[in-house]
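Mapping to full-length UniProt numbering: the sequence shown position 140 is 140, numbers consecutive.
Each residue gets a CB set at the ideal place from its N, CA and C atoms; glycine is no exception.
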Amino acid sequence: MKIISLIGARPQFIKEAIINKEIKKTNIQEIIVHSGQHYDKNMSDIFFQTLGITQPDYNMNIGSGKHGEMTGKIMIEFEKIVEKEKPDMILVYGDTNTTLAGAIVASKMKIPVVHVEAGIRQEPKDMPEEINRVLTDRISNMLFCASKQSVENLKKENIKNGVHFVGDVMYDLYKMMEKDFKYDKFNELNLKKDEYILMTMHRDFNVDKKEKLEKILKQVEKISEEKKIVFTIHPRTKARIKEFKLKKYLKEVVVIEPIDYLNLMGLVKNSWKVITDSGGLQKEAYFAKKRAIVVMPDTGWRELIEVKWNVLANENNLYEKTFLNFKEVYPKNVYGNADAGKKIVDLLLNNN
């Protein structure tokens with residue numbers, strides 16, 4: 001069996017690496033194609049070293065551009081590769097323009113589409129990622145879901161065939177890397193376990209308008225009077241705080257520059273709670289058995305809201321939501337058992 005795995009962004013590289021490790025144990029021939037949608041010169045970081053990420057067989061070097069232009073370019077170039085390689089299946093990840101372009105090419109060429117991270121739904125419906133994931137799910141033959149909520153989302157849209165709850169490959173990654181988490185930054189800042197909040201904030205809808213960002217930081221200031229906050233500050237947010245002259249609200253906040261994954265996970269593991277608008281970090285907080293206050297109007301990871309582990313917040317109620325006292329115990333296995341990669345490959349083999 002020959003599979004083409006199409007990737008286009010750094011998180012997709014990492015998810016692909018988890019599955020690639022399992023594929024190497026089989027007789028499946030995998031061709032890795034990188035669209036070049038997001039080019040990253042730093043290919044030697046901890047993920048690439050630890051996971052032994054395989055370099056792509058093809059790099060289409062598409063680069064950035066408008067949505068239609070980018071999607072079209074990927075389709076044109078990818079179709080040529082598919083015609084040459086003649087795969088039995090085409091595997092796509094997540095919700096990028098690369099994902100949709102690959103799924104359309106495969107579907108038009110009557111090659112089964114495999115969608116990893118299928119069934120995620122999030123408002124608003126007109127956001128590019130939501131359009132990409134909904135359309136990809138519509139034309140996929142095998143849909144691998146990270147959570148049971150994703151399976152239910154698909155069921156509501158009458159998508160039932162080929163749907164599998166396998167768990168989240170990012171949970172596989174977390175468990176694989178956990179033994180290597182670092183606590184240098186935790187020690188350097190003289191922090192105490194369970195006695196601080198880790199915070200990140202970078203979304204344009206939170207930081208790009210002065211009025212909104214100021215309201216958020218006023219809430220943060222209020223929280224910091226009761227609980228220490230460690231704020232890993234994104235360059236975008238740092239620039240806006242300076243531009244809008246809002247630094248005064250961070251007097252009691254420990255502000256640090258962005259840090260590597262292993263030290264960040266060390267800070268998450270030892271924190272009390274997490275405040276974030278990051279899609280990845282709200283899940284990683286759950287992996288670490290920490291609650292996340294998610295500063296977003298909606299999240300792709302609604303299951304963590306449904307089980308009352310994480311909570312959505314905004315610029316007006318962040319303080320209140322941070323100190324909510326949930327009685328619910330830790331909900332286990334929301335994202336499976338850290339064996340999603342193996343389950344996916346087993347299902348691919350059985351489907352052939």
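Ignore the nearest five residues each way along the sequence and tell me which others in residue i's own chain have a CB closer than 7 Å to its CB.
i, result
"F186", "G266, L267, N270"
"D137", "H115, A118, G119, L143, L154, I159"
"V207", "M201, L213, R236, T237, R240"
"E79", "V105"
"Q149", "R302, E303, E306"
"P258", "T232, H234"
"T99", "V92, Y93, N132, T136"
"D184", "N263"
"K247", "I241"
"N351", "M142"
"T71", "N97, L100, A101"
Using only CA atoms, which one of the options lies nearest to residue i?
i, options, result
"K227", "L213, L250, H234", "L250"
"residue 353", "K148, S147, D168", "Nothing about residue 353 can be read from this structure; the chain reaches only from 1 to 352."
"V33", "V274, G52, M60, I53", "M60"
"L173", "G341, N351, W309, L348", "G341"
"A313", "E211, L100, D277, A101", "D277"
"F244", "N97, Y261, E211, E225", "E211"
"M177", "T50, K242, L217", "T50"
"N337", "K175, H67, Q149", "K175"
"E315", "F205, D260, N350, T99", "F205"
"N333", "D95, Q29, F287, L324", "F287"
"K343", "K84, K179, V166, P124", "V166"
"I81", "L347, V294, I31", "I31"
"I18", "G8, L6, I53", "I53"
"L324", "N350, P128, R291, N351", "R291"
"N317", "Y335, P11, D339, I293", "I293"
"Y261", "S5, E152, K108, P11", "P11"
"D339", "A146, E69, A9", "A146"
Please report the distance separating the alpha-carbon of residue i from that of residue j.
i, j, result
"R240", "K215", "14 Å"
"N263", "M199", "14 Å"
"I256", "V230", "7 Å"
"S35", "M1", "22 Å"
"D57", "V311", "42 Å"
"K110", "I3", "14 Å"
"V307", "P331", "7 Å"
"N190", "E221", "21 Å"
"K193", "K182", "14 Å"
"E320", "Y171", "30 Å"
"L304", "H164", "19 Å"
"K209", "E85", "48 Å"
"S5", "S107", "15 Å"
"Q55", "A9", "13 Å"
Starting from the C-beta of residue i, find all residues in its chain whose C-beta is less than 6 Å away, skip the five residues before and the five after it, and write them out in chain order.
i, result
"V345", "E22, I23"
"H202", "H234, R236, T237"
"Q122", "E130, D298, G300"
"S140", "V113, H115"
"S64", "none"
Report buried or exposed for residue i, applying the criterion of at least 16 other Cβ atoms within 10 angstroms of its Cβ.
i, result
"I76", "exposed"
"T26", "exposed"
"P112", "buried"
"F13", "buried"
"K289", "exposed"
"V329", "exposed"
"P87", "buried"
"F326", "exposed"
"L91", "buried"
"N161", "exposed"
"M296", "buried"
"Q37", "buried"
"E157", "exposed"
"E225", "exposed"
"residue 404", "Nothing about residue 404 can be read from this structure; the chain reaches only from 1 to 352."
"E83", "exposed"
"K283", "buried"
"M127", "exposed"
"Q29", "exposed"
"D180", "exposed"
Could you tell me which residues DSSP puts in a beta bridge with residue i?
i, result
"E30", "I3"
"N59", "H34"
"M89", "I3"
"H164", "F144"
"Y196", "K228"
"T276", "V294"
"V116", "Y93, F144"
Excluding five sequence neighbours on each side, which residues of the same chain lie with their C-beta closer than 8 Å to the C-beta of residue i?
i, result
"I197", "I223, K227, K228, I229, V230, S271, W272, K273, V274, I275, T322"
"A103", "I90, V92, V113, H115, L135, T136, I139, S140"
"S44", "Since pLDDT at S44 reaches only 40, below the 50 mark, its modelled position is unreliable, and the value read off the structure follows with that caveat. Around S44: no qualifying Cβ."
"H67", "N97, P128"
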